[in-house]
Amino acid sequence: MACRRGNVVGNQQTKRKVFISFYQGDRAEVETFIDRWAAEEAVFIAKALGALGNDDFIDSGNPAYVMTQIREKYLGDSTVTIVLVGSCTHSRRYVDWEIKSSLRRGTYTPNGLLGIILPSLGESAFLPPRFNDNWDKTEANCYASYRVAPTSASQLGDWIEDAHGARTSQADLIVNHQEMWKYNRECKVHGDTHS
Numbered sequence: 691m692a693c694r695r696g697n698v699v700g701n702q703q704t705k706r707k708v709f710i711s712f713y714q715g716d717r718a719e720v721e722t723f724i725d726r727w728a729a730e731e732a733v734f735i736a737k738a739l740g741a742l743g744n745d746d747f748i749d750s751g752n753p754a755y756v757m758t759q760i761r762e763k764y765l766g767d768s769t770v771t772i773v774l775v776g777s778c779t780h781s782r783r784y785v786d787w788e789i790k791s792s793l794r795r796g797t798y799t800p801n802g803l804l805g806i807i808l809p810s811l812g813e814s815a816f817l818p819p820r821f822n823d824n825w826d827k828t829e830a831n832c833y834a835s836y837r838v839a840p841t842s843a844s845q846l847g848d849w850i851e852d853a854h855g856a857r858t859s860q861a862d863l864i865v866n867h868q869e870m871w872k873y874n875r876e877c878k879v880h881g882d883t884h885s
């Protein structure tokens, strides 16, 4: 995929507002990622840390309402969504909902979509199906990007800028027609449906 560089002010790239989607079971590793890359290295501004199951709208039977609530309460004015992929992320309904809302078009410009494997998993992981529908290994004709953990601030900044640029240059490649998940799915790693 061609690099779509963002706005550069002086020698600094613009810091994008980034929504972080993740499985709550990975919270410690996710917090380490955010502390390093958002707080210490100042690569991006972290906007939210995932939907929680105690929100009233979660049980609504109206998918459009749920998507609007996720967009307004969590995604806010973020322009890029990073999905931090752990061993069970692929099976989580909240992650599916956050990706679906991130990709939503119409009233909103979709968020750029970047998947990053958490360092504890090394170089491979199962992707959430909705993410996988928007990515291919060549990254030539897809909306999302997928990477192993970054090794430098400039590398992560470039990835975020690529995802941000895709919001307009590759929005026609978004695949988001699947229904929202009602329940968590079976984890391919543990063979269980986690609660």
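Per our numbering, the very first residue in the sequence shown carries number 691; after that it's consecutive.
Here a beta-carbon is modelled for each residue, glycine too, at the ideal position from N, C-alpha and C.
| Asked | Found |
| --- | --- |
| Beta-carbon spacing of L803, N831 below 9 Å | no |
| Boundaries (first-last residue) of the beta strand (DSSP E) holding T771 | V770 to V775 |
| Backbone secondary structure at I735 - three-state DSSP | strand |
| Test item: CB-CB of L793 and Y833 under 9 Å | yes |
| DSSP bridge partner residues for V879 (one or two, in chain order) | For V879, which the question treats as bridged, DSSP gives no partner whatsoever. |
| Per-residue DSSP class, three states only, for R706 | strand |
| Span separating the alpha-carbon of D786 from that of I724 | 21 Å |
| Nearest-angstrom Cα separation, counted from E730 out to L817 | 28 Å |
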